[in-house]
Amino acid sequence: MRVSSIRLRLTVWYATLVAFTIILLGSTVYIAAAWGLRKAADVELISGLDGIDTFLHHKLAIHEMNDLGEELREHSALMPRGKMFRVRDANGKVLYQPDAMAAVKDVKPPPTGIHKESQTAAGHNYQTISRMAHVGPYVFSLQVAVDQTGYGELMERLALLFLFCIPLAACAAAAGGYWMSGRVLAPVHLITATANTIDAKNLQRRLALSGNGDELDQLSITINSMLDRIAASYDRIAQFTGDASHELRGPVALVRSTAELLMMDAADVERVRRGLTDILTESDYMTRLIADLLTLARNGLEENTAGRELFELGASVAAMTSRATIQADLKQIRLDVDPVEKLLPIHGNQVVVERVLMILLDNAIRYTPSGGRIVVKTWSEGQRCGYTVSDTGIGIAREHHSRVFERFYRVNTARTHGDGSSGLGLAIARSLVELHGGSIHLDSEPGQGSSFEISFAAADFAALPLKSFSTV
């Protein structure tokens, strides 16, 4: 297994965390137990001193000193096992001590207060406490000892238990963590395996979702979205390649055949002139065709959606119709603008939106005969606004309405590239409008002219960045 694998790292981290937790918990329990046992021993020692003191006060009130030793022996028999005491008088004479107490070092207590000490005697660990007791005219030295050997052994066993549990728990945590991380990462392996099978031949395949809505599902959704964008880009490239190879075949063949004919009979000046004119015409057509194909291929990319700003559609319509007036005048076509008083601003790429209008005006001028009329009317309704380009041209039959926005679709033979059109204008217009969340609609009848309506959503000021408002 690779050291850098996530599964191994998760296993190591999990085992380390469990081991650290057990060490911390064990240390806390050990310290707390030791403190508790020591505290209990101190309480037991002090209670022993207090019990002897009380016993002496009670007995000396009704007995003489001569009988005190025997009384203390009887009192000692009542003490729990492992607890014993020694009593001396003011002269240091031992009044009572059990046999086991003889091995415990006698410690003279201070005049006031108590003295505590830990001792080891005869293989046993003792905790001792000493103090002076004043009973009437008598002064006694009291010392109580508690055997702590059992407590020490208990603490040793507790420490050994924790030392045994730490590696055992770490191994169990490592095994459990390895198994658990394997289950957690299984969907990642599935995602990797599925992603590795996706290539140009099956770009439509997508990663399956578990339905849990967890982070792995979010990762799959993100990858699927990326694949959607890649597939769309690939489709645009494939479409561009197919369209270019199909549409350029005719003009290239014409240029070639024209050039071959000119080479066969270069002496005929008029024929050469016509041939060169045809070559220039076809070259211009191919230039426009390639430019239009590139526009369609790039639609949806950043250059067509970036640079969005707030702008007033009426101003764009006025500017574009002013530019188209010269072209309309050359064909003796009247171009009028019917504006509304105020249009809501829209948010988009102004250059791209203006290009849509120029495509529609160019089409209207191309297919409207001399003496005709073109009207551009702006409108605003609710939260939408737009414009309508109407002409008195040749019109389009209804059976063609659903297809006029397709690439290279031509209604009749009159619309060939001899008129300077690549057959891509309306396809480009629809694509650019849809990029801005708008719509385009055609209303036309043969001999009655055509009317194209463009609709955009008005700008939502609440959803726009502050810098957008400076462009109004």
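In this text, residue positions in the sequence shown follow the working numbering: the first is 20, and each later residue adds one.
C-beta atoms are modelled at their ideal positions from N, C-alpha and C, and glycine is treated no differently.
Bear in mind that the values here come from a model prediction, so they are computed numbers and not experimental data.
Enumerate, from N- to C-terminal direction, the unbroken alpha helix (DSSP H) stretches of 4 or more residues contained entirely within the region 331-395.
Those alpha helix (DSSP H) runs which fall completely within the region 331-395 and span 4+ residues are 332-349 and 369-385.
Only counting runs of 4 or more residues, tell me where the alpha helix (DSSP H) segments fall wholly within the region 85-160, in order along the chain.
Listed in chain order, they are 87-96.
For G405, name the three-state secondary structure that DSSP assigns.
The count along the sequence shown starts at 1 and reaches residue 405 at position 386. Three-state result, G405: strand.
Please report the Cβ distance between L379 and A448, rounded to the nearest whole angstrom; I am assuming they are in contact, meaning their Cβ atoms lie under 8 Å.
Along the sequence shown, read from residue 1 onward, the residue named residue 379 stands at position 360. Along the sequence shown, read from residue 1 onward, the residue named residue 448 stands at position 429. Right, their Cβ atoms sit about 6 Å apart.
In chain order, what residues of the same chain lie with their CB nearer than 8 Å to the CB of C404, ignoring the 5 residues before and after it?
Translated into positions along the sequence shown, residue 404 becomes position 385. Within the same chain, C404 has close Cβ partners L332, L362, L363, I365, T397, W398, S474, F475 and A477.
Cutting at 8 Å between CB atoms, please list the residues of its own chain near L281, excluding the five before and the five after it.
Residue numbering aside, residue 281 sits at position 262 when the sequence shown is read from its first letter. Within the same chain, L281 has close Cβ partners R290, V291, G294 and L295.
Report yes if the C-beta distance between G142 and A34 is below 8 Å; otherwise report no.
The count along the sequence shown starts at 1 and reaches residue 142 at position 123. The count along the sequence shown starts at 1 and reaches residue 34 at position 15. In this structure, A34 does not lie closer than 8 Å to G142 by Cβ.
Name the two residues that bound the continuous beta strand (DSSP E) containing A476.
For the purposes of this step, residue 476 is identified with residue 457 of the sequence shown, where counting begins at 1. Here the beta strand (DSSP E) through A476 covers S469 to A476.
Considering L56, what are the terminal residues of the beta strand (DSSP E) in which it resides?
The count along the sequence shown starts at 1 and reaches residue 56 at position 37. Run containing L56: none in the beta strand (DSSP E); it sits in the alpha helix (DSSP H), I25 to L79.
By the 10 Å Cβ neighbour count, where 16 or more other Cβ atoms means buried, how is N382 classified, buried or exposed?
As a working mapping, residue 382 is identified with position 363 in the sequence shown. Per the 10 Å Cβ criterion, buried.
For Q167, does the three-state DSSP call read helix, strand or coil?
Here residue 167 refers to the residue found at position 148 of the sequence shown. It is coil, neither helix nor strand.
If I298 sits next to A278, beta carbons under 8 Å apart, how far is it from one beta carbon to the other, in whole angstroms?
Here residue 298 refers to the residue found at position 279 of the sequence shown. Here residue 278 refers to the residue found at position 259 of the sequence shown. 7 Å between Cβ atoms; contact.
Nearest to P206 by CA position, among D108, E472, L222 and S229, is which residue?
Within the sequence shown, the letter at position 187 stands for residue 206. When each option's Cα is compared against that of P206, the closest is S229.
Taking 8 Å as the threshold (C-beta atoms), are T411 and G391 in contact?
Stepping through the sequence shown from its first residue, residue 391 is reached at position 372. Stepping through the sequence shown from its first residue, residue 411 is reached at position 392. Closer than 8 Å, so yes.
Beta carbon of A214, beta carbon of I242: below 8 Å?
Residue mapping note: residue 214 aligns to position 195 of the sequence shown, counting from 1. Residue mapping note: residue 242 aligns to position 223 of the sequence shown, counting from 1. Cβ atoms of A214 and I242: closer than 8 Å.
Considering only their Cβ atoms, is the gap separating Y145 from D166 smaller than 8 Å?
Numbered from its first residue, the sequence shown carries residue 166 at position 147. Numbered from its first residue, the sequence shown carries residue 145 at position 126. Going by C-beta atoms, D166 is nearer than 8 Å to Y145.
Taking the alpha-carbon of K102 as reference, which of L36, Q116 and I384 has the nearest alpha-carbon?
Position 83 of the sequence shown holds residue 102. Measuring from the Cα of K102, the nearest candidate turns out to be Q116.
The beta strand (DSSP E) with S458 in it runs from where to where?
Stepping through the sequence shown from its first residue, residue 458 is reached at position 439. Here the beta strand (DSSP E) through S458 covers S458 to S463.
What's the gap between the Cα of W32 and the Cα of L204?
Walking along the sequence shown from the start, residue 32 turns up at place 13. Walking along the sequence shown from the start, residue 204 turns up at place 185. Spanning the two alpha carbons is a distance of roughly 15 Å.
Just verifying my parser: in three-state terms, what is the DSSP assignment at S421?
Indexing the sequence shown from 1 puts residue 421 at position 402. Coil, per DSSP.
Hey, does V356 have any beta-carbon neighbour from chain D nearer than 8 Å?
Absent from the structure is chain D; it holds one protein chain and no more.
Could you compute how far the alpha carbon of R275 sits from the alpha carbon of T306?
Against the sequence shown, residue 275 aligns to sequence position 256. Against the sequence shown, residue 306 aligns to sequence position 287. Roughly 16 Å between the two C-alpha positions.
Within the same chain, show all residues whose beta-carbon is closer than 6 Å to that of S149, passing over the 5 residues directly before and after it, in chain order.
To locate residue 149, count along the sequence shown from 1; it is residue 130. Taken in chain order, the residues that qualify are V126, P128, H134 and Q162.
Starting from I447, follow the alpha helix (DSSP H) in both directions and report where the run begins and ends.
As a first step, residue 447 must be located in the sequence shown, where it is residue number 428. Looking at the DSSP string, the run of the alpha helix (DSSP H) that includes I447 is G444 to L454.
Please report the distance separating the alpha-carbon of G55 from that of A191.
Within the sequence shown, numbered from 1, the residue matching residue 55 stands at position 36. Within the sequence shown, numbered from 1, the residue matching residue 191 stands at position 172. Going from the Cα of G55 to the Cα of A191 covers about 31 Å.
Can you name the residues that DSSP bridges to T397?
Looking up residue 397 in the sequence shown gives position 378. Answer is Y406.
May I ask you to report which of helix, strand or coil DSSP gives Q162?
Translated into the one-based positions of the sequence shown, residue 162 becomes position 143. Correct three-state label for Q162: strand.
Does L329 come out as helix, strand or coil in the three-state DSSP assignment?
Counting from 1 along the sequence shown, the entry for residue 329 is found at position 310. Strand.
Pick out whichever of M120, G232, P130 and H153 has its Cα sitting closest to the Cα of A140.
Your numbering for residue 140 matches position 121 in the sequence shown. Among M120, G232, P130 and H153, the Cα nearest to that of A140 is on M120.
Between the alpha carbons of G169 and H94, how many angstroms are there, rounded?
The count along the sequence shown starts at 1 and reaches residue 169 at position 150. The count along the sequence shown starts at 1 and reaches residue 94 at position 75. Computed Cα separation, rounded: 24 Å.
Is it true that the CB of G201 sits closer than 8 Å to the CB of Q28?
If you number the sequence shown from 1, residue 28 lands on position 9. If you number the sequence shown from 1, residue 201 lands on position 182. The question names Gln, but residue 28 in the sequence shown is Arg. No.
Under 8 Å Cβ to Cβ from T344, same chain only, skipping five residues before and after it: list those, please.
By 1-based counting over the sequence shown, the position of residue 344 is 325. Hits under 8 Å: L354.
Residues in its own chain within less than 8 Å of E418 by CB, not counting five upstream and five downstream?
Position 399 of the sequence shown, counted from the start, is the residue given in the question as residue 418. Excluding positions up to five away in sequence, the list is empty.
So the candidates are G466, L445 and G45; which of them puts its Cα closest to the Cα of C184?
Walking along the sequence shown from the start, residue 184 turns up at place 165. If we check each option's Cα against that of C184, G45 comes out closest.
Among the candidates I210, E400, H153 and T30, whose CA atom is the shortest distance from the CA of A189?
Taking the sequence shown and counting its residues from 1, one reaches residue 189 at position 170. When only C-alpha atoms are compared, the closest one is T30.
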